[in-house]
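Q:
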Amino acid sequence: GNCEIVKALLSKGVNVDSLCHTGTPLHTAAFCRQDGAMKILLDHHADCNKIFNTVYSPLIAALNVVGSLNVSPLKCVKLLIKAGADVKGVGTVSPLITAVNNGLTDCYKCLLEAGADPDVRDDFGHLPIEIAAYNNRREDVEILLPVTSRTPYVRDWSVDGIIRWVKSMPSVENDPMNKMNPADLKLEGSKAYKRKDYATAVKLYSMAADRCPDDATLYSNRCLCWLKMGEGDQALMDAGVCKIRRPGWAKACYLEGSAQMLLRVPFFATHECICLLC
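Per the working numbering, residue 530 is the first one in the sequence shown, and the count goes up by one each step.
(1) Checking 9 Å against the spacing of the C-beta atoms, do I672 and V683 come in under that value?
(2) Would you please state the rounded distance, in angstroms, between the beta carbons of D564 and C605? I believe it to be under 8 Å.
(3) Span of the alpha helix (DSSP H) holding K617?
(4) Suppose you measure from the CA of K780 to the CA of S687; what does that come to, to the nearest Å?
(5) Let me know the secondary structure DSSP gives G654 once reduced to three states.
(6) Give the range of the alpha helix (DSSP H) segment to which C532 is assigned.
(7) Measure the CB-CB distance between V622 and M766 and report whether it falls below 9 Å.
(8) Just to confirm the assignment, what range does the alpha helix (DSSP H) spanning G769 have?
(9) Give a yes or no on whether the C-beta atoms belonging to P624 and L588 are separated by under 9 Å.
(10) Comparing alpha-carbon positions, which option in A745, L608, G542, P657 lies nearest Y637?
(11) Where do the ends of the alpha helix (DSSP H) carrying S586 lie?
(12) Just the Cα atoms here: how many angstroms apart are N665 and S601?
(13) From M758 to A764, what does the alpha carbon distance come to, in whole angstroms?
(14) Put C549 into one of helix, strand or coil per three-state DSSP.
(15) Which term fits D652, buried or exposed, when burial requires 16 or more other beta carbons within 10 angstroms of its beta carbon?
(16) Please list the terminal residues of the continuous alpha helix (DSSP H) segment that includes S697.
(17) Could you work out which residue in M698, A591, V770 is closest to D743 when comparing CA atoms only?
(18) Let me check understanding here. Comparing Cα to Cα, which of G718, D572, P681, S678 lies closest to S540?
(19) Since S735 is in the alpha helix (DSSP H), which residue starts that stretch and which ends it?
(20) For the alpha helix (DSSP H) that V670 lies in, which residues bound it at each end?
(21) Here's the rule I'm using: 16 or more other beta-carbon atoms within 10 Å means buried, otherwise exposed. How should H556 be labelled?
(22) Does the separation of the CB atoms of L592 and L641 fall below 9 Å?
(23) If A738 sits next to Y727, beta carbons under 8 Å apart, how far is it from one beta carbon to the other, in whole angstroms?
(24) In whole angstroms, what separates the C-alpha of W755 from that of V731?
(25) Taking the alpha helix (DSSP H) that C577 belongs to, which residues open and close that run?
(26) Nearest CA to the CA of L720: which residue from N710, N630, L733, G786?
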């Protein structure tokens with residue numbers, strides 16, 4: 530976040546969109562919530578829609594939760610939207626779903642005003658408003674209700690009605706896994722992986738990652754499961770998180786290369802991965 534150094538480097542002709550293991554400088558500034566550095570980069574025409582690891586834009590990076598940071602990404606989000614950031618996202622990885630998953634209520638309004646689609650579902654088929662209701666965020670449901678298209682399976686299309694409907698679904702609180710600590714979840718995930726029960730391993734690693742978002746090994750382990758299941762897109766996303774959480778980690782580069790080979794997608798980091806492992 531040293532703005533003077535950023536200015537000095539740019540004045541020397543450094544490429545504002547140069548790529549490394551964490552994406553472009555704008556990706557890194559967004560992920561670290563450095564709005565000052567972001568403004569300088571954007572003023573120098575940094576690409577606010579540059580995609581990293583097939584799905585991660587600077588906007589998605591800004592909306593991802595970093596356990597060690599207690600700073601709202603709102604300033605960063607506004608800067609990116611003002612610069613023309615795409616609020617639609619790629620597939621089910623939308624900025625609005627990312628914001629709702631992370632409880633970033635203060636970001637909803639500007640995303641919606643910029644054209645974010647509240648009817649896009651996540652990988653599990655859930656609408657943003659359903660995710661908000663499941664997480665007991667009444668204020669979020671109130672914000673999303675007027676802009677979300679009514680669904681036929683929820684008869685009472687109101688704040689209380691949606692919350693009641695979501696609560697009537699089978700609750701994860703009754704799942705014994707929900708009572709396990711992250712270390713035990715990780716251990717059970719490893720056991721599931723060894724017996725080739727990759728779907729269960731993914732669930733266990735995901736639950737552990739929700740509680741310990743800074744633990745890169747949880748994402749690397751889940752990435753291996755995705756690879757075994759043939760889910761290249763999911764594997765590539767987790768490999769990207771690994772590289773951000775632990776820069777320079779050879780295993781993360783290996784996983785990224787494996788995911789790229791599975792997808793047969795040419796990408797600059799494949800070469801980087803090979804160089805690091807040689």
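Yeah, the Cβ is synthetic: ideal placement off N, Cα and C, and Gly gets one too.
A: In short, the structure shows the following:
(1) Within the sequence shown, numbered from 1, the residue matching residue 672 stands at position 143. Within the sequence shown, numbered from 1, the residue matching residue 683 stands at position 154. Against a cut-off of 9 Å, the Cβ pair of V683 and I672 comes out as no contact.
(2) Start at 1 with the first residue of the sequence shown, and residue 564 comes out as number 35. Start at 1 with the first residue of the sequence shown, and residue 605 comes out as number 76. That pair is a contact at about 5 Å.
(3) Translated into the one-based positions of the sequence shown, residue 617 becomes position 88. First-last for K617: undefined, no H or E at that position.
(4) For the purposes of this step, residue 780 is identified with residue 251 of the sequence shown, where counting begins at 1. For the purposes of this step, residue 687 is identified with residue 158 of the sequence shown, where counting begins at 1. Their Cα atoms are separated by approximately 47 Å.
(5) Residue numbering aside, residue 654 sits at position 125 when the sequence shown is read from its first letter. Here G654 sits in coil by DSSP.
(6) By 1-based counting over the sequence shown, the position of residue 532 is 3. First-last of the alpha helix (DSSP H) with C532: 532-540.
(7) For the purposes of this step, residue 622 is taken as the residue at position 93 of the sequence shown. For the purposes of this step, residue 766 is taken as the residue at position 237 of the sequence shown. Their beta carbons are under 9 Å apart, which means V622 touches M766 by this criterion.
(8) The sequence position of residue 769 within the sequence shown is 240, counting from 1. Run containing G769: 761-774, per the alpha helix (DSSP H) assignment.
(9) If you number the sequence shown from 1, residue 624 lands on position 95. If you number the sequence shown from 1, residue 588 lands on position 59. Cβ atoms of P624 and L588: closer than 9 Å.
(10) Sequence index remark: in the sequence shown, residue 637 carries index 108 (1-based). Taking only the C-alpha atoms, the option nearest Y637 is P657.
(11) Within the sequence shown, the letter at position 57 stands for residue 586. Here S586 belongs to no alpha helix (DSSP H), and DSSP marks it neither H nor E.
(12) Reading the sequence shown from its first residue, position 136 is the one you call residue 665. Reading the sequence shown from its first residue, position 72 is the one you call residue 601. Their backbone Cα atoms lie some 20 Å apart in a straight line.
(13) Locating residue 758 in the sequence shown gives position 229, counting from the first residue. Locating residue 764 in the sequence shown gives position 235, counting from the first residue. Rounded to the nearest angstrom, the two C-alpha atoms are 9 Å apart.
(14) Working through the sequence shown from its first residue, we reach residue 549 at position 20. Three-state DSSP puts C549 in a strand.
(15) What you label residue 652 is simply residue 123 of the sequence shown in a count that begins at 1. With fewer than 16 Cβ atoms within 10 Å of its Cβ, D652 is classed as exposed.
(16) Your numbering for residue 697 matches position 168 in the sequence shown. From DSSP, the alpha helix (DSSP H) with S697 extends over 688-697.
(17) Numbered from 1 along the sequence shown, position 214 holds the residue referred to as residue 743. D743 has its Cα closest to that of V770, out of M698, A591, V770.
(18) In the sequence shown, counting from the first residue as 1, residue 540 sits at position 11. The residue with the shortest Cα to Cα distance from S540 is D572.
(19) Stepping through the sequence shown from its first residue, residue 735 is reached at position 206. 727-740 is the span of the alpha helix (DSSP H), which, as asked, contains S735.
(20) Counting from 1 along the sequence shown, the entry for residue 670 is found at position 141. Start and end: 667-673.
(21) In the sequence shown, the residue the question calls residue 556 occupies position 27. Its Cβ being crowded by 16 or more others within 10 Å, H556 is buried.
(22) Numbered from 1 along the sequence shown, position 63 holds the residue referred to as residue 592. Numbered from 1 along the sequence shown, position 112 holds the residue referred to as residue 641. Contact flag unset, no.
(23) As a first step, residue 738 is located in the sequence shown; it is residue number 209 there, counting from the start. As a first step, residue 727 is located in the sequence shown; it is residue number 198 there, counting from the start. Contact doesn't hold; Cβ gap of about 16 Å is too wide.
(24) As a working note, residue 755 is residue 226 in the sequence shown. As a working note, residue 731 is residue 202 in the sequence shown. Rounded to the nearest angstrom, the two C-alpha atoms are 8 Å apart.
(25) The residue labelled residue 577 in the question sits at position 48 within the sequence shown. Where C577 is concerned, there is no enclosing alpha helix (DSSP H), given that its DSSP letter is neither H nor E.
(26) Position 191 of the sequence shown holds residue 720. The identity of residue 720 in the sequence shown is Lys, whereas the question assumes Leu. Checking every option, the nearest Cα to that of K720 belongs to L733.
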